[in-house]
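Number of protein chains: 2
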Amino acid sequence: MTTPTGRRTGRPRAVTEQAILDAALWQLDAGGAAAVSIRGIAAQVGIAPNAVYTYYPSKAAVLRALVERFLGDVNHDRFVDREQPWRQRLEALALELRAHLVAHRGAVQLLLGGPMDGPNALTLRESLSEALADGGLAPDDAARASYVLLVYIFGAIALEVAELDQRRIPPTEHDRVSTRRAVLDTLPAEAYPRTTETAGTISKDFTTEQFLWGLTRILNGLQA
Amino acid sequence: MTTPTGRRTGRPRAVTEQAILDAALWQLDAGGAAAVSIRGIAAQVGIAPNAVYTYYPSKAAVLRALVERFLGDVNHDRFVDREQPWRQRLEALALELRAHLVAHRGAVQLLLGGPMDGPNALTLRESLSEALADGGLAPDDAARASYVLLVYIFGAIALEVAELDQRRIPPTEHDRVSTRRAVLDTLPAEAYPRTTETAGTISKDFTTEQFLWGLTRILNGLQA
DNA sequence: TCCATAATATGGACGGCGTACAGAAAGATG
DNA sequence: CATCTTTCTGTACGCCGTCCATATTATGGA
Chain S
0 MTTPTGRRTG RPRAVTEQAI LDAALWQLDA GGAAAVSIRG IAAQVGIAPN
50 AVYTYYPSKA AVLRALVERF LGDVNHDRFV DREQPWRQRL EALALELRAH
100 LVAHRGAVQL LLGGPMDGPN ALTLRESLSE ALADGGLAPD DAARASYVLL
150 VYIFGAIALE VAELDQRRIP PTEHDRVSTR RAVLDTLPAE AYPRTTETAG
200 TISKDFTTEQ FLWGLTRILN GLQA
Chain B
0 MTTPTGRRTG RPRAVTEQAI LDAALWQLDA GGAAAVSIRG IAAQVGIAPN
50 AVYTYYPSKA AVLRALVERF LGDVNHDRFV DREQPWRQRL EALALELRAH
100 LVAHRGAVQL LLGGPMDGPN ALTLRESLSE ALADGGLAPD DAARASYVLL
150 VYIFGAIALE VAELDQRRIP PTEHDRVSTR RAVLDTLPAE AYPRTTETAG
200 TISKDFTTEQ FLWGLTRILN GLQA
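Chains as they are written, first to last, in numbering that gives the first Met the number 0: chain S, 0 to 223; chain B, 0 to 223.
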């Protein structure tokens, strides 16, 4: 697949597997997960649609490879620096994942569209478990806790992205809060007393601050 | 839309909006979110495909209505019984949501495919906030905590469903654990020491027991 | 009773999708 | 220069969401 060896005869390839993934990512960012199409990718790299099948056996395989590359672009950064406090490492990792997923919104649907069992997904979990073990958790507890964290991180981004029209450029965090606040203020207080009472807080669901608020509480619960 | 009044003239409708949603849900359960099609729904209820547009303006609207009805089928059960201890109510609600989502796997992608801002979604959050307030949280903390719980619940199901081939009938929990265990046992211990060491635990990621383990820890962290 | 009206149904079509199959192109090897 | 191998292209099939024009079938008024 990625072996540099082999292939000593035959017509040379017009593009590379990476170019195909580049085009897929471009389409993903431009129009969301639904806008990624074999035909669009082919047009962008300049080959016939069915020529894509020389590189990947199906559209699902393209998306799988894209997910793997995507996860690979996140790992191996600061949070493997075991000199740092473990909570700081975990927060850095969570924030970095979040930033990557927000930068390429639409990727979440792909991530959640199939099993995350590739090497980079495993490495990600390995990193999480390592930090949690450094926090004093026994191996099995660290394993369970790392899954809870994965659920929280991907779930938070999934809910956040679900609110966005992926065909448009995303509004600023401030604008999103304002829009949500305006909608919440139109709700009848009789039907949703607590929601309307805390509308100011609820409108900030998708902010980085709320993300960290939850992450901190969850880490507290996991440590005790 | 659902008003029983009106419509005193014109050709009578061949089916009902509910029948369309029934058919959509049937297709969802049979083949996953990708298998839900206007043409399939129309064939099932016995009308021409474009006749569906008399009831809903687009496929997206059908799915939106299906999501709303789906959330409505979950609410209003045991966890509004404020005589029960708040943690017990929350666990019951989380488990009920989980059971519903697992019974109709494929619905998760729909839920996460658009904003959950309908009446039933708001009511769900209202119930969560109420239970958390009964647990002693201040209103704004309860609002934030309820969002954390939503993230955990939907995230857990999303990750769980992502592992399943939605076109097949789901294997038992026991079989899924065994399958995952077998895969994990093939991993090189050098590359993933913690993953292989805790393979027995990791293979149980998708069990009800792990779901409750995480829920308990999260509630602990939210209460402190 | 007959007709205008209004709501709903259908037939057919358009453009787009993933992808299968047959055959043409293009470089390496003898 | 002929052959072999790999890749690319042309074409086609079946499915999709949705639009337009038209037919169907009830009601309300003359």
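Idealized CB from N, CA, C, for every residue including glycine.
| Check | Outcome |
| --- | --- |
| Residue-level contact to chain B via CB, Q209(S), 8 Å cutoff | yes |
| At least three beta-carbon pairs within less than 8 Å, the segment 181 to 194 of chain B to the segment 120 to 131 of chain B | no |
| DSSP-derived helix/strand/coil call for H103(S) | coil |
| Environment of V150(S) [buried if 16+ CB atoms lie within 10 Å] | buried |
| Residue from A144(S), E162(S), P118(S) whose Cα sits closest to the Cα of S202(S) | E162(S) |
| Sequence ranges, alpha helix (DSSP H) only - wholly within the segment 134 to 205 of chain S, length at least 4 | 138 to 161, 172 to 183, 192 to 196, 198 to 201 |
| Sequence ranges, alpha helix (DSSP H) only - wholly within the segment 1 to 64 of chain B, length at least 4 | 16 to 30, 37 to 44 |
| Collapsed DSSP secondary structure at V66(B) in the structure displayed | helix |
| Three-state secondary structure (DSSP) of F78(B) | coil |
| DSSP-derived helix/strand/coil call for A223(S) | coil |
| Cβ of G112(S) within 8 Å of any chain B Cβ | yes |
| Three-state class that DSSP yields for Q209(S) in the structure shown | helix |
| Inter-residue spacing [alpha-carbon to alpha-carbon] between A32(B) and L186(S) | 31 Å |
| Cβ-Cβ distance between L211(S) and E16(S) below 8 Å | no |
| For Q83(B), three-class secondary structure by DSSP | coil |
| 8 Å Cβ cutoff met for I46(B) and V79(B) | no |
| Status (buried if at least 16 other CB within 10 Å, exposed otherwise) for Q87(B) | exposed |
| Spatially closest choice to R12(B) from G39(B), A29(B), A50(B), A22(B), by CA coordinates | A50(B) |
| Buried or exposed (CB count within 10 angstroms, at least 16 for buried), I168(S) | exposed |
| Whole-angstrom distance between L20(B) and R104(B), CA atom to CA atom | 16 Å |
| Assigned secondary structure, G71(S) (DSSP; H/G/I helix, E/B strand, else coil) | helix |
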